[in-house]
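Numbering (the numbering used here), first residue to last: 40 to 220. Backbone N, C-alpha and C define an ideal beta-carbon position, used for all residues, glycine too. Written below as C-alpha cells is the structure these notes are about.
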Amino acid sequence: MSKQWETRESRYLAKYRIFDLREDVCISPRTGQAHPFYVLETRDWINIIPITPEGQIVMVRQYRFGTGEVTLEIPGGLVDAEDGCVQDAAQRELQEETGYVSDDIILLGTVRPNPAIQNNTCHIFLARNATPSGKQALDACEDIAVELHSRESVETMIRQGEIDHCMVLNAFYFLNLYDNR
40 MSKQWETRES RYLAKYRIFD LREDVCISPR TGQAHPFYVL ETRDWINIIP ITPEGQIVMV
100 RQYRFGTGEV TLEIPGGLVD AEDGCVQDAA QRELQEETGY VSDDIILLGT VRPNPAIQNN
160 TCHIFLARNA TPSGKQALDA CEDIAVELHS RESVETMIRQ GEIDHCMVLN AFYFLNLYDN
220 R
C-alpha cells in the first residue's frame with residue numbers, strides 16, 4: 040500500500056512569472072532513503088468551452104512555444120489574484136481571448152494537469168449562449184485567432200489528432216459526461 044512521503048527539506052530553485060520551481064527532498068516510507076523531487080508550483084488554470092446560441096463552439100488558434108506549433112484549442116488561462124473566483128477567471132479569459140461573453144457559465148469538472156510534477160488544478164467550464172461583445176483584449180505576448188466550429192467538426196478533429204492538447208480533450212470529455220448525465 041502506497042503511503043505519504045515525508046518531506047525532509049524544501050527549497051526554491053527558480054521563480055518565474057507563471058511558475059516557481061521547487062526541489063523537495065523526501066523520504067521513502069518503504070526504504071527510508073531520501074530522494075530529490077521537483078515541483079512546478081503554479082496558479083490554478085481554467086478552460087472554457089463557449090457555445091453560441093446557434094450551437095457553434097468558439098475556439099482559439101495560437102502558437103505554442105512548448106511544441107513550436109500553432110494549435111486549435113478552447114479559451115483558457117491562469118486564475119489571477121484579481122479574479123474573485125475561478126468562474127470570474129473563466130469569464131475574463133473568455134472575453135480577453137475571444138471577445139465573447141456569456142451569462143450562463145457552469146463548472147463541468149476539475150482535473151490535476153500533472154500531479155507528478157505540478158501542484159495546480161484546472162477548472163473546466165461550459166459557457167452557454169456565448170455571444171460576441173466586442174474586441175479581444177490580448178496580452179502583449181498573445182496572438183490568437185478566433186474560430187467557430189460545429190461540435191461534429193471538433194469531434195472529427197479530435198479523432199484525427201488535429202486537436203491533441205490534453206486539457207482540451209479533458210474539457211470535451213467532461214462536456215460529453217454533462218450531456219449524458
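*Identify, in the order they occur along the chain, each residue of the same chain with its Cβ nearer than 6 Å to the Cβ of Ala-53, setting aside the five sequence neighbours on each side.*
For the purposes of this step, residue 53 is identified with residue 14 of the sequence shown, where counting begins at 1. So the list reads Leu-60, once near-sequence residues are dropped.
_Short Cβ contact (9 Å threshold) for Ala-176 with Asn-86_ = Locating residue 176 in the sequence shown gives position 137, counting from the first residue. Locating residue 86 in the sequence shown gives position 47, counting from the first residue. Going by C-beta atoms, Ala-176 is not nearer than 9 Å to Asn-86.
*Per DSSP, Asp-59 forms a beta bridge with which residues?*
Here residue 59 corresponds to residue number 20 of the sequence shown, with the count starting at 1. Lys-54, Glu-80, per the DSSP bridge assignment.
*Nearest to Asn-159 by CA position, among Arg-82, Asp-119, Ile-197, is which residue?*
Counting from one through the sequence shown, the residue named residue 159 turns up at place 120. Comparing Cα-Cα distances from Asn-159 to each of Arg-82, Asp-119, Ile-197, the minimum goes to Arg-82.
_With distance defined between alpha-carbon atoms, name the residue in Ser-67, Gly-71, Arg-56, Phe-213 nearest to Thr-149._
One-based indexing of the sequence shown puts residue 149 at position 110. Ranking the options by Cα distance to Thr-149, first place goes to Phe-213.
*So what does DSSP say about Met-264, is it helix, strand or coil?*
Coverage of the chain is limited to positions 40 through 220, which leaves residue 264 absent and any answer about it impossible.
_Beta carbon of Lys-174 nearer than 9 Å to that of Gly-115_ = The sequence position of residue 174 within the sequence shown is 135, counting from 1. The sequence position of residue 115 within the sequence shown is 76, counting from 1. Not closer than 9 Å, so no.
*Tell me whether Thr-137 sits in a helix, a strand or coil according to DSSP, three-state version.*
As a working mapping, residue 137 is identified with position 98 in the sequence shown. Thr-137 falls in the helix class under three-state DSSP.
*asked:* Buried or exposed for Ser-141, going by 16 or more other Cβ atoms inside 10 Å?
replied: Residue numbering aside, residue 141 sits at position 102 when the sequence shown is read from its first letter. By the 10 Å Cβ count, Ser-141 comes out buried.
*Where does Leu-216 land, buried or exposed, given buried means 16+ other C-beta within 10 angstroms?*
Residue 216 sits at position 177 when you count from the first residue of the sequence shown. The residue is exposed, with fewer than 16 neighbouring Cβ atoms inside 10 Å.
*asked:* Can you look up Asp-218 in the DSSP assignment and give me helix, strand or coil?
replied: Translated into positions along the sequence shown, residue 218 becomes position 179. Helix, per DSSP.
*Between the beta-carbon of Trp-84 and the beta-carbon of Cys-161, is there less than 9 Å?*
Residue mapping note: residue 84 aligns to position 45 of the sequence shown, counting from 1. Residue mapping note: residue 161 aligns to position 122 of the sequence shown, counting from 1. Going by C-beta atoms, Trp-84 is nearer than 9 Å to Cys-161.
*With a 10 Å radius around its C-beta and 16 neighbouring C-beta atoms as the bar for buried, classify Met-98 as buried or exposed.*
Taking the first residue of the sequence shown as 1, we reach residue 98 at position 59. Its Cβ being crowded by 16 or more others within 10 Å, Met-98 is buried.
*Can at least three beta-carbon pairs, one atom from the region 116-131 and one from the region 192-212, be found at a separation below 8 Å?*
No: the two stretches stay apart, fewer than three of their Cβ pairs being nearer than 8 Å.
*Thinking C-beta only, is Leu-147 closer than 9 Å to Phe-164?*
Indexing the sequence shown from 1 puts residue 164 at position 125. Indexing the sequence shown from 1 puts residue 147 at position 108. Closer than 9 Å, so yes.
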